[in-house]
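Colleague: In this text, residue positions in the sequence shown follow the numbering used here: the first is 1090, and each later residue adds one.
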Amino acid sequence: MTLRVEPKLKAAAEAAAEREHRGITSLIEVLILNHCRSLGLTAGQNGKEQHQ
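#1: Compute the beta-carbon to beta-carbon distance between Leu1122 and Ala1132, rounded to the nearest angstrom, for a pair I have assumed lies under 8 angstroms.
#2: Mapping the DSSP letters down to three states, classify Glu1103 as helix, strand or coil.
#3: Would you mind reading off the limits of the alpha helix (DSSP H) that contains Glu1118?
#4: Among Ile1117, Leu1130 and Arg1111, which residue has its Cα nearest to the Cα of Leu1092?
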């Protein structure tokens, strides 16, 4: 996966990752997993399965 983000957003992500002693990739993984949990999704599940 390749992401292109605004320089300000990248700087914020770097600062957040550093504060949590993570790399940016690890931070993004945590954010995605937390968001999926808030939607009732689990790893390996996609949104289409939920709506069938």
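Where is the CB? At the ideal position from N, CA and C, for every residue including glycine. As the structure is a computational prediction, the values presented were derived from the model and not from experiment.
Modeller: So, from the data block:
#1: Within the sequence shown, numbered from 1, the residue matching residue 1122 stands at position 33. Within the sequence shown, numbered from 1, the residue matching residue 1132 stands at position 43. Contact holds; Cβ gap of about 7 angstroms.
#2: Numbered from its first residue, the sequence shown carries residue 1103 at position 14. Here Glu1103 sits in helix by DSSP.
#3: By one-based count along the sequence shown, residue 1118 stands at place 29. Taken as a continuous stretch (DSSP letters only), the alpha helix (DSSP H) holding Glu1118 covers Ile1113 to Ser1127.
#4: Locating residue 1092 in the sequence shown gives position 3, where the first residue counts as 1. Nearest option by C-alpha distance: Ile1117.
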